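Chemist: Numbering (the numbering used here), first residue to last: 29 to 339.
The beta-carbon is built from N, C-alpha and C at its ideal position, and this holds for glycine as well.
This one's a predicted model, so the numbers in the text were calculated from it and none came from an experiment.
Could you have a look at this structure, given as structure tokens, before my questions?
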DNA sequence: GCGACAG
DNA sequence: ATCTTGTCGC
């Protein structure tokens with residue numbers, strides 16, 4: 029009996045399960061909302077853009093400005109990749125200081141399958157949102173940044189969408205690496221927007237290059253020099269670029285979040301927010317390349333692993 | 001030539 | 001996600 033039991037990986041990758049997962053994604057996607065559906069407003073600091081507060085039937089925070097931004101991430105044990113620590117942080121939008129943090133260490137029995145990250149990570153994060161709701165409701169985030177894509181996904185329903193729909197919360201998907209699902213789109217579009225830049229594909233690694241040379245191979249070209257270069261050219265090239273699929277639908281945006289960073293981040297709509305608003309919120313959250321809510325969740329989930337003697 | 005694949 | 005070596009700048 030036990031010998032015939034399929035191994036976890038075989039089981040998880042079975043076509044039946046994947047089909048079931050696809051059905052769930054497509055079913056949940058029917059509830060997906062891709063425009064601003066919240067009652068708060070973006071901080072006025074956002075470039076004086078007229079911001080249309082959304083029509084929402086809940087008016088708990090109608091008319092208020094965005095104050096609490098959530099960030100979620102997981103870190104894994106190097107010894108046992110099934111052991112993880114998940115952390116949810118809440119940041120004050122104006123100071124970018126962490127005002128609350130909840131963590132859980134868990135054993136994940138679902139493997140990472142490309143295109144199905146949510147089935148591995150969403151359950152823990154939903155638990156954390158519940159935990160937060162029960163212990164510090166007044167700090168419950170008005171929008172959540174998720175370490176993973178939203179619409180930028182083969183079926184248009186990545187982790188950020190999944191989490192947003194299940195928690196009925198506005199979410200923003202943040203990709204730190206180029207999404208394989210939009211690889212061609214990304215490469216083509218980025219090359220055209222980031223003047224003097226192109227993306228080099230070599231040995232299965234995608235790197236942003238400058239003048240066709242990988243930065244660290246360029247003699248005498250220092251970080252400072254590049255920064256100056258970027259600042260000199262800053263006006264002529266945009267720091268944000270919309271990623272459009274071949275069908276013409278908008279999948280997300282690539283953002284050079286810091287002047288000094290060659291490697292962009294990828295923003296996509298999760299749930300109940302427009303791409304334009306998502307970009308604004310990400311921009312106001314970027315102290316470094318990685319938006320602060322994600323960065324803090326990353327740092328603190330790693331700390332959490334250490335504290336528990338894992339890692 | 002193979003296989004690429006968010007985290 | 002996690003592992004890596006060295007390098008540069010503050």
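Using only the alpha-carbon positions, how far apart do residue 135 and residue 339 sit?
Modeler: 13 angstroms
Chemist: Report the three-state DSSP secondary structure of residue 299 (helix, strand or coil).
Modeler: strand
Chemist: Quick check: residue 116 and residue 125, are their CB atoms within less than 9 angstroms of each other?
Modeler: no
Chemist: Nearer than 8 angstroms: is that true of the beta carbon of residue 125 relative to any heavy atom of the ligand FMN?
Modeler: The ligand FMN is not part of the structure shown, which contains no ligands of any sort.
Chemist: Residue 318 by DSSP, collapsed to three states: which one?
Modeler: Here residue 318 sits in coil by DSSP.
Chemist: For the region 119–153, list the beta strand (DSSP E) runs that are entirely contained and at least 3 residues long, ordered along the chain.
Modeler: 126–135
Chemist: Taking the CB atoms as reference points, tell me whether residue 178 and residue 296 lie closer together than 9 angstroms.
Modeler: With a cutoff of 9 angstroms on beta-carbon distance, residue 178 and residue 296 are scored as near each other.
Chemist: If you draw a straight line from the C-alpha of residue 176 to the C-alpha of residue 279, how long is it?
Modeler: 14 angstroms
Chemist: Is residue 323 closer than 9 angstroms to residue 131 when the C-beta atoms are compared?
Modeler: no
Chemist: Please report the distance separating the alpha-carbon of residue 307 from that of residue 330.
Modeler: Distance between the alpha carbons of residue 307 and residue 330: 27 angstroms.
Chemist: Can you tell me whether residue 192 is helix, strand or coil according to DSSP?
Modeler: helix
Chemist: Whose CA, out of 294, 110, 275, lies closest to the CA of residue 269?
Modeler: Nearest Cα to residue 269 within the set 294, 110, 275: 294.
Chemist: How many Å lie between residue 103 and residue 333 at the Cα?
Modeler: 7 angstroms
Chemist: Whole angstroms is fine: what's the gap from residue 162's alpha carbon to residue 170's?
Modeler: 16 angstroms
Chemist: Determine the direct distance from the alpha carbon of residue 203 to that of residue 285, and round the result to whole angstroms.
Modeler: Each residue's alpha carbon lies about 12 angstroms from the other.
Chemist: Closest to residue 319 by CA distance: which of 138, 147, 277, 120 is it?
Modeler: 120
Chemist: When the Cα atoms are used, what is the spatial distance from residue 45 to residue 111?
Modeler: C-alpha of residue 45 to C-alpha of residue 111: approximately 22 angstroms in a straight line.
Chemist: Using a threshold of 9 angstroms, state whether the C-beta atoms of residue 340 and residue 312 are closer than that.
Modeler: The first residue shown for the chain is 29 and the last is 339, placing residue 340 beyond what the model contains.
Chemist: According to the neighbour-count rule (16 or more other Cβ atoms, all chains shown, within 10 Å of its Cβ), is residue 305 buried or exposed?
Modeler: buried
Chemist: Based on Cα-Cα distance, which residue from 159, 149, 147 lies nearest to residue 118?
Modeler: 159
Chemist: State yes or no: is the C-beta of residue 340 within less than 9 angstroms of the C-beta of residue 172?
Modeler: In the structure as shown, the chain starts at 29 and stops at 339, and residue 340 therefore has no counterpart that could be examined.
Chemist: Under DSSP, the alpha helix (DSSP H) around residue 55 begins and ends at which residues?
Modeler: Per DSSP, residue 55 belongs to the alpha helix (DSSP H) from 43–57.
Chemist: For residue 18, does the count of other Cβ atoms within 10 angstroms reach 16, so buried, or fall short, so exposed?
Modeler: Past the edges of the chain, shown from 29 to 339, lies residue 18, and the structure says nothing about it.
Chemist: Closest to residue 98 by CA distance: which of 183, 335, 326, 337 is it?
Modeler: 326
Chemist: Under 9 angstroms between the Cβ atoms of residue 189 and residue 298?
Modeler: Yes, these two residues count as a Cβ contact at 9 angstroms.
Chemist: Per DSSP, what are the beta-bridge partners of residue 285 in this structure?
Modeler: Answer is none; residue 285 lacks a bridge partner.
Chemist: Among 191, 68, 127, which one has its Cα closest to the Cα of residue 153?
Modeler: Shortest Cα-Cα distance from residue 153 to any of 191, 68, 127 involves 191.
Chemist: Could you tell me the distance, in whole angstroms, from the CA atom of residue 314 to the CA atom of residue 59?
Modeler: 30 angstroms
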